[in-house]
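Using the working numbering, you'd call the opening residue of the sequence shown number 118 and step up by one each time.
Cβ coordinates follow ideal geometry from the N, Cα and C atoms, glycine included.
Notes for the one structure printed next.
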Amino acid sequence: MLTAADAGDAAALLAAVPAGRRVALVDPRFVGHLHALRLGLTDPRFPAATVPGALTAQAEARPALVRALQRTTAAVGAGAPTAVPEAGAETAPQTGAEPTAGQTTGQATGQTAAPAADPAPEDPTLPGRIAAALEAEGTPVHRPALGSLVAAVPADAEQEAAAVAGLTSVDDEAVRLRSAVKAHDGFFTTFCISPYSRYIARWCARRGLTPNQVTSASLVTALVAAGAAATGTRGGYVAAGILLLVSFVLDCTDGQLARYSLQYSTMGAWLDATFDRAKEYAFYAGLAIGAVRGGDDVWTLALGAMVLQACRHVVDFSFNEANHDAVANTSPTAALSNKLDSVGWTVWARRMIVLPIGERWAMIAVLTALTTPRIVFYALLVGCSLAACYTTAGRLLRSLTRKARRTDRAAQALADLADSGPLAQAVAAVAPGLRGAFTVPAAALLGALVMIGSALFLPYGSWLTVAAAGVYVLLSGLAVARPLKGALDWLVPPVFRAAEYVTILVLAARSDVPHAVPAAFGLVSAVAYHHYDTVYRIRGGTGAPPGWLVRTIGGHEGRTALVAVLAAVLTHASGFTTALTALAVAVALVVLVESIRFWVSSSAPAVHDEGELA
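Encoded structure:
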C-alpha cells in the first residue's frame with residue numbers, strides 16, 4: 118500500500134510496480150462500504166473497473182492506465198495538492214487493506230480541477246478522470262452495480278454526513294450475502310437451497326476454501342451417490358438420493374462462494390459447467406448398473422435420458438449463440454415473454470416448466486429413494502420431453518416472428534457447434550450453397566430422419582443403413598455449405614446432435630450384443646463432453662476447439678457413418694461392443710487431453726455462468 122502526494126507522484130509510483138500486477142488508485146477521501154471497494158477493485162473478470170473514488174487495472178489494461186494518468190497529470194499539473202482524509206471517514210488505507218492475493222495496490226490522491234479540453238466526468242476525482250480517459254481511448258471500464266452500497270468522495274461536510282448516514286444504515290455483509298445468490302434461478306434452488314447455502318459459502322470463504330475445491334467436493338459426492346445407486350439395494354438408493362441432494366447444495370455453494378469472494382476464474386467456470394453434466398450422467402449410469410443388479414436392464418432408458426438432456430442443452434446453446442448479438446433483434450413473442458415475466462407467479466411457473474437442474478435433481482433424488490430406476494428414467498424422459506417441447510416451440514416462434522440479421526460471429530459459432538468433420542467439409546467445399554429461408558435446416562432434418570429411420574426400421578446390420586449414412590453425410594455437407602444466417606439455421610447443430618446420438622442409441626439397442634448399450638453410453642458421453650467443451654470455449658471468447666481435433670475424431674457425420682459400418686461388419690459378434698468401447702476410449706482420450714491442456718493454459722477471460730438454468 119503506497120500513498121502518493123499528488124498525481125505526478127502517483128504516476129511515478131505506478132511505474133515502479135511490476136507490469137504484470139494489478140494496481141488500484143483510491144482517493145483518500147473515499148467514504149463507503151468495504152464491499153463496494155471489493156466489487157470495484159477485486160473482480161478478476163474485467164481488465165479495468167471503477168467505483169466513485171477508486172479505479173483498478175489488471176495487467177492488460179496497465180499500458181492504457183499509464184497513458185491516461187500521464188494525460189491527466191499534464192492536464193491538472195503534477196504538483197496538484199492532495200486532500201487530507203476527513204476524520205471518521207473510511208479511507209483507502211483502511212478499506213484497501215484486503216487486496217486479493219498476488220495483487221499490488223497503488224494508491225493515488227489528488228484534488229484536481231477538470232481539464233479544460235475535456236467534459237467533466239461523472240466522478241471528478243482523479244480515479245474518475247482516469248476512468249473516463251481510459252474509456253475515451255477505447256479501454257472498457259466496468260462499473261459494478263452497487264445498489265444500496267455507498268461509495269462516494271464527499272466534497273463538503275453535508276455530502277460527507279449523507280455518505281456516513283448511508284454507510285451506517287446499510288449492512289454491507291447482508292448485501293454481500295444476498296448478491297452471492299444467482300439473480301435468476303429455478304424455484305427449488307431459490308426457495309429450498311439458497312436460503313442456507315449462502316451461509317455455507319460464507320463459511321467456506323472464511324476458511325480459505327476456493328470455489329474449485331467446493332466444485333470438486335460436489336463432483337466427488339455425486340460420484341459416491343452414483344456408486345450407492347449402483348449397489349441396487351433400497352438402502353443404496355436412499356443414500357444415493359440424499360447424497361445427490363448434498364451434491365446439488367455444494368453445486369450451488371461453489372457459485373455463491375465465487376460471487377461472495379469474487380473468486381472468478383477460467384478454470385472455475387469450466388469445472389462448474391462440465392462437472393454438472395458429468396455428475397448427472399454418472400448418476401444415470403449408477404442407476405442403470407443398480408437396476409441390472411436387481412434384474413432390470415434399463416441401460417437403453419438411461420442412454421435415452423442422456424441423449425434427450427444433451428439435445429435440450431444444445432438447443433439452448435445454439436439459439437443463444439445465434440441471437441445474442443443479432444441486429445434489430447425484436448420479436449412480438451419475446452415482448453409477450455417479457456410481459457409475462459412482470460407477473461410474479463408466471464415467472465416461477467415458466468422456470469419450473471423447463472425442468473431446470475434444481476427441479477430435475479430433486480425429482481431424481483426423491484424418486485431414486487422411493488421408487489425404482491425404471492420409474493426414475495420414465496419420469497425423466499416424460500418431464501424432459503415436455504420441457505423440450507415448450508422451450509423449442511418458444512424459440513421457433515421467436516425466430517419466425519423476429520426481424521433479426523445474424524452476424525458473422527453468430528454464423529461462425531453455429532458452424533463450430535455443428536461439429537462438421539472432413540467428410541461434410543469436403544461436400545461443403547464443392548457443393549453449391551442452399552438457397553431459401555428454411556432449406557438449410559430442412560436439409561439437416563431430412564438427413565437426420567434418413568439416418569435415424571434407417572437405423573430404426575431397416576434390418577439391423579443392413580448395408581442399406583451404411584448407404585443412408587452416405588446420404589446423411591451428403592445432406593450434412595449441403596447444410597453447412599453457406600454461412601448459417603437464416604432465421605432457423607440455429608436448428609442445424611441440435612439436429613446433428615440428435616442424428617448422431619440417436620443413431621448410436623438405436624443401433625446399440627437393436628444389436629442384441631451383450632453390453633452394447635453400456636458401451637454406446639460411454640461413446641455418447643465422450644462425444645457429448647466434446648460438444649459441451651466446444652460450447653464453453655465459444656462462451657469464453659476463445660473460439661471452437663482446433664480443427665485438427667475435430668478432424669481426428671471424425672466430426673458428427675464421420676462418427677455416425679463409422680458406427681453404421683461397424684454395425685454392418687460386426688453384425689452377430691461381440692466385437693460390436695468392443696468396437697464401440699474402443700471408439701469411446703479413443704474419443705475420450707483425445708478430447709480430454711486437448712481440453713485439459715487448453716483450459717489449464719487458457720487465456721480466456723474469467724467468467725461465471727449466471728444465466729443458464731439447465
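Where the beta strand (DSSP E) through residue i begins and ends
| i | result |
| --- | --- |
| Val143 | 140 to 143 |
| Leu374 | First-last for Leu374: 351 to 378, but that is the alpha helix (DSSP H), not the beta strand (DSSP E). |
| Lys520 | 520 to 522 |
| Val168 | 165 to 168 |
| His284 | Correcting the residue identity first, residue 284 is Leu in this sequence and not His. Segment 274 to 286 is the alpha helix (DSSP H) holding Leu284; no beta strand (DSSP E) there. |
| Thr173 | 171 to 174 |
Short CB-CB distance (under 8 Å) between residue i and chain B
| i | result |
| --- | --- |
| Ala262 | In the structure shown, chain B cannot be found, because there is only a single protein chain. |
Inter-residue Cα distance where the pair is residue i and residue j
| i | j | result |
| --- | --- | --- |
| Ala269 | Met118 | 21 Å |
| Ala133 | Asp289 | 34 Å |
| Ala346 | Leu592 | 42 Å |
| Asp240 | Asn437 | 36 Å |
| Ala127 | Thr120 | 8 Å |
| Gly196 | Val143 | Caution is warranted here: a pLDDT of 46 is assigned to Gly196, below 50, making its placement in the model unreliable, and the coordinate value is therefore given only provisionally. Near 18 Å, if we compare the C-alpha coordinates of Val143 and Gly196. |
| Ile317 | Leu374 | 8 Å |
| Tyr649 | Pro576 | 33 Å |
| Arg656 | His301 | 19 Å |
| Arg394 | Cys506 | 21 Å |
| Val583 | Val609 | 22 Å |
| Gly403 | Ala626 | 19 Å |
| Ala303 | Leu517 | Sequence inspection shows Gly at residue 303; the Ala mentioned does not correspond to that position. For Gly303 and Leu517, the distance between alpha carbons rounds to 28 Å. |
| Glu277 | Leu156 | 21 Å |
| Met423 | Ala405 | 12 Å |
| Ser691 | Leu700 | 15 Å |
| Pro681 | Pro257 | At residue 681 the sequence reads Ala, which differs from the Pro that was named. Between Ala681 and Pro257, the C-alpha separation is close to 51 Å. |
| Gly568 | Glu711 | Reading the sequence as shown, one finds Met at residue 568 and not Gly. Rounded to whole angstroms, Met568 to Glu711 spans 30 Å at the Cα level. |
| Ala427 | Tyr589 | 21 Å |
| Ser364 | Arg295 | 22 Å |
| Val702 | Leu679 | 15 Å |
| Val612 | Val652 | 16 Å |
| Asp414 | Tyr495 | 13 Å |
| Gly358 | Gly344 | 11 Å |
Proximity below 8 Å, CB of residue i to CB of residue j
| i | j | result |
| --- | --- | --- |
| Glu674 | Gly538 | yes |
| Leu595 | Leu566 | no |
| Leu158 | Ala178 | no |
| Asn440 | Leu388 | no |
| Leu420 | Ala637 | yes |
| Leu484 | Ala504 | no |
| Ala696 | Ser579 | no |
| Ala408 | Pro490 | yes |
| Thr509 | Val431 | no |
| Val355 | Ala486 | yes |
| Arg139 | Gln187 | no |
| Leu563 | Ser435 | no |
| Ala586 | Thr659 | no |
| Gly170 | Thr242 | yes |
| Leu531 | Trp607 | yes |
| Leu362 | Leu251 | no |
With 16 other Cβ atoms within 10 Å as the buried cut-off, status of residue i
| i | result |
| --- | --- |
| Lys520 | exposed |
| Gly255 | exposed |
| Ala206 | Any reading at Ala206 must be qualified, since the residue scores a pLDDT of 32, below 50, and its modelled position is unreliable; no value is offered. |
| Glu617 | buried |
| Ile713 | exposed |
| Ser265 | exposed |
| Trp665 | exposed |
| Asp273 | exposed |
| Ile481 | buried |
| Pro244 | buried |
Residue i, enclosing alpha helix (DSSP H) - first and last residue
| i | result |
| --- | --- |
| Leu336 | 328 to 346 |
| Ala681 | 672 to 686 |
| Ala690 | No alpha helix (DSSP H) holds Ala690; DSSP gives it neither H nor E. |
| Ala122 | Careful: Ala122 lies outside any alpha helix (DSSP H) and carries neither H nor E. |
| Lys602 | It is not in any alpha helix (DSSP H) - Lys602 carries neither H nor E in the DSSP assignment. |
| Ser311 | 311 to 323 |
| Pro558 | 556 to 574 |
| Pro631 | Run containing Pro631: none; DSSP gives neither H nor E here. |
| Lys396 | 383 to 410 |
| Thr485 | 474 to 487 |
Residue i: CB within 7 Å of a non-hydrogen atom of the ligand COA
| i | result |
| --- | --- |
| Ala427 | The ligand COA is absent from the structure shown, which contains no ligand whatsoever. |
Below 8 Å, how does it come out for the region 317 to 336 and the region 375 to 382: are there three or more Cβ pairs, yes or no? yes
Three CB pairs or more closer than 8 Å across the region 625 to 637 and the region 542 to 550: no
At a cut of 8 Å, does the region 701 to 710 reach the region 664 to 672 through at least three beta carbon pairs? yes
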